[in-house]
Amino acid sequence: GNLVACSKTVADKINGLHGYNNIKYVQNGIDQESFCTSIDKNLNIRNELGISSDKLVYVFCGYLSKRKNVEFLIEAWEKSENHKSLLLIIGDGPQYNELKNRVNNNNRIIMLGKRLEISRYLTSADYFISSSLSEGLPLAVMEGLAVGLPAILSNIPSHLEIKDLGSEAIDIFSLENIDTLIKIIQEKEGKQVSESNKIAARSIIEEKLNAKEMALSYENLYIKSLNDKI
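Written out as structure tokens, the structure is:
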């Protein structure tokens, strides 16, 4: 049989660690129909949360664990002077209470806990952001891209793999230097996201990381495997 990883990053890691050279990969893809077709901003959610339209909203969505490294994002917001930039954190996990207590008096950070209908919250934002220490090929980032959110991501291999698919839609910062993230946020302060960047974000999903492409890749691997046995 064939061993197939969910990303080039994971395949390279397994091949390198275990001395294999035959681990193939099919990049994860998401079902586009699960997300809204418009890349227009959802102002209803902003109104519900009391977020003004002139704010640039950066959204993280995921499990609040050490591996997700959300405290790195919080520290960047604490150190920055970007008063028109707001960090929206969606999700639950073992670090929730600790992080909630930390940001309690910071009016530029909102923690919502676990929410349903995530796409509604994603479409209220301007950028997706993640400082994860490790990922396979992160579905949460893809979900953000699917609704037209350019992504600001830590410099781990899986995030760089996504950047290779659409560099215009992805900014990368260093986990070794928090100032690289603060600089990116400062450069975007007060500027609206361009339509071309939104389209570039969506295009990564439409052209590469979607369920149809993933299924076709698995089908091709299966057919090739059958042919090799004939």
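Under this note's numbering, the first residue of the sequence shown carries the number 1, and numbering increases by one thereafter.
Just so it is clear, CB atoms sit at the ideal spot from N, CA and C, and this is done for glycine as well.
Distance, residue j Cα to residue i Cα
i: A201; j: I170; result: 8 Å
i: L221; j: L149; result: 31 Å
i: N101; j: W77; result: 15 Å
i: N15; j: N22; result: 7 Å
i: S234; j: L86; result: Nothing can be reported for residue 234, as the shown portion of the chain is limited to 1 through 230.
i: A233; j: K84; result: Limits of the chain in this structure are 1 at one end and 230 at the other, which puts residue 233 out of reach.
i: L165; j: N97; result: 36 Å
i: I45; j: P157; result: 33 Å
i: N82; j: V4; result: 43 Å
i: V182; j: I223; result: The identity of residue 182 in the sequence shown is Ile, whereas the question assumes Val. So the two alpha carbons sit approximately 48 Å from each other.
i: Y127; j: A11; result: 28 Å
i: Q32; j: I185; result: 28 Å
i: E168; j: E219; result: 30 Å
i: L209; j: Q27; result: 7 Å
Residue i, DSSP secondary structure in three states
i: A236; result: Lying before the first or after the last residue shown, residue 236 is absent from the chain, which here runs from 1 to 230.
i: G16; result: helix
i: V147; result: coil
i: S174; result: coil
i: L139; result: helix
i: N210; result: strand
i: V4; result: strand
Residue environment, residue i, which counts as buried when at least 16 other CB atoms sit within 10 Å
i: Q276; result: The chain is shown only over 1 to 230; residue 276 falls outside these bounds and no answer can be derived.
i: D228; result: exposed
i: I205; result: buried
i: R115; result: exposed
i: P138; result: buried
i: A215; result: exposed
i: S7; result: buried
i: K212; result: exposed
Rounded distance between the beta-carbons of residue j and residue i, thought under 8 Å
i: G62; j: G29; result: So it is not a contact: roughly 18 Å between Cβ atoms.
i: F72; j: S131; result: 4 Å
i: I172; j: L160; result: 7 Å
Practice task
Give, in chain order, every unbroken run of the alpha helix (DSSP H) that is at least 4 residues long and sits entirely within the segment 46-83.
Solution key: 70-79
Exercise for the section: Quick one: which unbroken beta strand (DSSP E) runs of 3-plus residues sit fully inside the segment 89-127? Chain order, please. Expected result: 109-113
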